[in-house]
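Here's the structure we're looking at; comments come further down.
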Amino acid sequence: MDKLTKYPKLIKRILTEYVELSKRHPNPDIETFLIVDEAKAHYIWMNLGWQNGERITGMTVYVRIRDGKFWIEEDWTENGIATDLIREGVPKEDIVLAFHEPKMRQYTEFAVAS
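Per my numbering, the very first residue in the sequence shown carries number 126; after that it's consecutive.
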């Protein structure tokens, strides 16, 4: 299976597992869900609701697939989505830590794509 077919399925599965895991210990005031735009290859794990009178809107993870690579735009998981991708066999050169400034990416062990 080539990357164009494999990568979208992989990130969708990983993020679905995280969302389902977070729903096992739900906060009744916060909704957790996955937003998927398969046509444009955007995958967002989102939280929405109210807590202590304050509006909660936040992305826990935002990954997009661009130029055959995973671009991790936002990642607030404990171990990092990149760790999950590597565990699944994705080479580090196919992962861009896009939340780092482009000139700083050279100091990571991942792709430097700008």
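Virtual Cβ for every residue (Gly too), placed ideally from N, Cα, C.
Keep in mind it's a predicted model, so treat the numbers as computed, not measured.
Cutting at 7 Å between CB atoms, please list the residues of its own chain near residue i, excluding the five before and the five after it.
i      : result
Lys194 : Asp219, Ile220, Val221, Ala236 and Ala238
Ser147 : Thr157
Lys131 : none
From residue i to residue j, what distance separates their C-alpha atoms?
i      : j      : result
Val161 : Tyr168 : 5 Å
Gly214 : Thr233 : 18 Å
Arg138 : Val188 : 13 Å
Leu129 : Ile181 : 34 Å
Glu198 : Met229 : 14 Å
Tell me the residue span of the beta strand (DSSP E) that contains residue i.
i      : result
Arg191 : Glu179 to Arg191
I'd like the list of long-range same chain contacts for residue i, defined as Cβ closer than 6 Å, with 5 residues on each side in sequence excluded.
i      : result
Asp154 : Gly174, Trp175 and Gln176
Could you tell me whether the Cβ of residue i comes closer than 9 Å to any Cβ of chain C?
i      : result
His167 : You won't find chain C in this structure, because it holds only one protein chain.
In the DSSP assignment, find the alpha helix (DSSP H) that holds residue i and state where it starts and stops.
i      : result
Leu135 : Lys128 to Lys148
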